[in-house]
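S.K.: If you scroll down you'll find the structure; I have some questions about it.
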Ligand code: MG
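In my numbering, the protein residues as written are 1 to 339.
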């Protein structure tokens, strides 16, 4: 580790992984934290488990095509609870506001939070407000923690994943990161790319309420660090497996692909805020995709690859040209403060 905290420690890539292993787990190691799931899973009785998750949002700009920091903070916490199969119920809302922020901006952010939390039936039940002097933070930072309940003996974890399993993505990739980068106006590039920022509650609940729920092994929302980081985390937490994905099967919108090609970004490294990766038993993968495709947020769902037995865990991409390349854990995201 370097002697000072670098921006890349918050990227969700290799440096974040090192920070967690070398600092966080060194001090706080315990059987719940060490799972490193999207939400902590806490058993409270024989048939009830709680899911508990927290995230901070520092996105810049705070308004971007397809969302804003308020919507992002609630959707992100809901999606992390969903990853462990929980029903999201309660959210806390902690605000750090820069002195001088217009109340009109605050109203817009709160309206977004109200809209998504009411629609998804999660309640904001506690919170905190701090205001710091001008220049001590950038407009507003939001921290949301969420609690959900895991029912029906759902148990999604790395240890369920085995060779042969299918890898599903619920839709097209890389939209959130590209939309935020574009909205900074730094590239002199105009595009209609919208963030995919969305709660996946309805979509995931449909799958978990289906006959195939027991065949869902694992879920992760590929946020910071994108699909590349999420899949690398999975192979690093399991033993003896690799994941192979196929470029031609990965859904990506033309405008996003065009933007990434022009700027030399790998869309696999770019953040999503309304997509879920699902590792499922191969016998039901097609059926799960059929369910997902019935809904707007899952209309582009696809099986993008599979889990294979391998002594040396890695993520491999079969390119459009038929060649194979290793997909590394990104070292740092293309720019900080994407979420
Ligand atoms: Mg997550």
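We put the beta carbon where it would ideally sit given N, CA and C, even for glycine.
(1) Taking 7 Å as the cut-off, is the C-beta of residue 83 nearer than that to any heavy atom in the ligand MG?
(2) Checking the sheet assignment: what are the DSSP bridge partners for residue 57?
(3) What residues does the ligand MG have around it, judged by CB closer than 5 Å to any heavy atom, in chain order?
(4) DSSP state of residue 267, grouped into three classes?
(5) How many angstroms separate the CA atom of residue 330 from the CA atom of residue 29?
(6) Checking 8 Å against the spacing of the C-beta atoms, do residue 243 and residue 234 come in under that value?
(7) Given this structure, state the Cα-to-Cα distance separating residue 217 from residue 279, to the nearest angstrom.
(8) Tell me the DSSP bridge mates of residue 148?
(9) Using the Cβ count rule (16 or more neighbours within 10 Å means buried), how would you classify residue 11?
(10) May I ask you to report which of helix, strand or coil DSSP gives residue 276?
(11) Is it the case that the segment 145-160 contacts the segment 34-49, given that we only count it when at least three CB pairs across the two stretches are under 8 Å?
(12) Distance, Cα to Cα, residue 296 vs residue 27?
(13) Please classify residue 298: is it buried, with 16 or more other beta-carbons within 10 angstroms of its beta-carbon, or exposed?
(14) Across the segment 164-184 and the segment 95-113, are there enough close Cβ pairs to call them in contact, namely three or more that are closer than 8 Å?
(15) Which residues share a DSSP beta bridge with residue 244?
(16) Between the Cα of residue 230 and those of 276, 115, 318, spot the shortest distance and give me the residue it belongs to.
(17) Is residue 167 near the ligand ZN, with its Cβ less than 7 Å from a heavy atom?
(18) Here's the rule I'm using: 16 or more other beta-carbon atoms within 10 Å means buried, otherwise exposed. How should residue 320 be labelled?
(19) Looking only at C-alpha atoms, which of 89, 286, 132 sits nearest to residue 118?
(20) Kindly confirm or deny that the segment 122-136 and the segment 46-65 touch, where touching means at least three C-beta pairs closer than 8 Å.
(21) Does the distance from the C-beta atom of residue 210 to that of residue 291 stay below 8 Å?
(22) Among 338, 313, 337, 24, which has the Cα closest to the Cα of residue 326?
(23) Which class does residue 136 belong to by DSSP, given the choice of helix, strand or coil?
M.R.: Reading off the structure:
(1) Along the chain shown, read from residue 1 onward, the residue named residue 83 stands at position 83. Taking non-hydrogen atoms of the ligand MG into account, the C-beta of residue 83 is found less than 7 Å away from one of them.
(2) Translated into positions along the chain shown, residue 57 becomes position 57. Answer is 142, bridged to residue 57.
(3) That gives 38, 80, 221.
(4) As a first step, residue 267 is located in the chain shown; it is residue number 267 there, counting from the start. Residue 267 falls in the helix class under three-state DSSP.
(5) Counting from 1 along the chain shown, the entry for residue 330 is found at position 330. Counting from 1 along the chain shown, the entry for residue 29 is found at position 29. Near 25 Å, if we compare the C-alpha coordinates of residue 29 and residue 330.
(6) Here residue 243 refers to the residue found at position 243 of the chain shown. Here residue 234 refers to the residue found at position 234 of the chain shown. A contact, by the Cβ cut-off of 8 Å.
(7) Reading the chain shown from its first residue, position 217 is the one you call residue 217. Reading the chain shown from its first residue, position 279 is the one you call residue 279. In a straight line, the C-alpha of residue 217 is about 5 Å away from that of residue 279.
(8) Within the chain shown, numbered from 1, the residue matching residue 148 stands at position 148. In DSSP, residue 148 forms a bridge with 51, 88.
(9) Against the chain shown, residue 11 aligns to sequence position 11. Label assigned to residue 11: buried.
(10) Within the chain shown, the letter at position 276 stands for residue 276. Residue 276: coil per DSSP, three-state reduction.
(11) Yes: at least three Cβ pairs fall under 8 Å.
(12) Counting from 1 along the chain shown, the entry for residue 296 is found at position 296. Counting from 1 along the chain shown, the entry for residue 27 is found at position 27. A straight-line Cα-Cα distance of about 43 Å links residue 296 and residue 27.
(13) Position 298 of the chain shown, counted from the first residue, corresponds to residue 298. Around the beta carbon of residue 298, 16 or more other beta carbons sit within 10 angstroms, so the residue counts as buried.
(14) The segment 164-184, when compared against the segment 95-113, does not touch it at the 8 Å Cβ threshold.
(15) One-based indexing of the chain shown puts residue 244 at position 244. In DSSP, residue 244 forms a bridge with 306, 316.
(16) In the chain shown, the residue the question calls residue 230 occupies position 230. Comparing Cα-Cα distances from residue 230 to each of 276, 115, 318, the minimum goes to 276.
(17) In terms of ligand content, the structure shown lacks the ligand ZN and carries the ligand MG instead.
(18) Here residue 320 corresponds to residue number 320 of the chain shown, with the count starting at 1. Per the 10 Å Cβ criterion, exposed.
(19) Sequence index remark: in the chain shown, residue 118 carries index 118 (1-based). Put simply, of 89, 286, 132 the residue whose alpha carbon is nearest the alpha carbon of residue 118 is 89.
(20) At 8 Å Cβ cutoff, the stretches do not touch.
(21) Locating residue 210 in the chain shown gives position 210, where the first residue counts as 1. Locating residue 291 in the chain shown gives position 291, where the first residue counts as 1. It is a contact, given that the beta carbons lie within the stated cut-off.
(22) Locating residue 326 in the chain shown gives position 326, counting from the first residue. Of 338, 313, 337, 24, the residue nearest in Cα terms is 313.
(23) Position 136 of the chain shown, counted from the start, is the residue given in the question as residue 136. In the structure shown, residue 136 sits in coil (DSSP, three-state: anything other than H, G, I, E or B).
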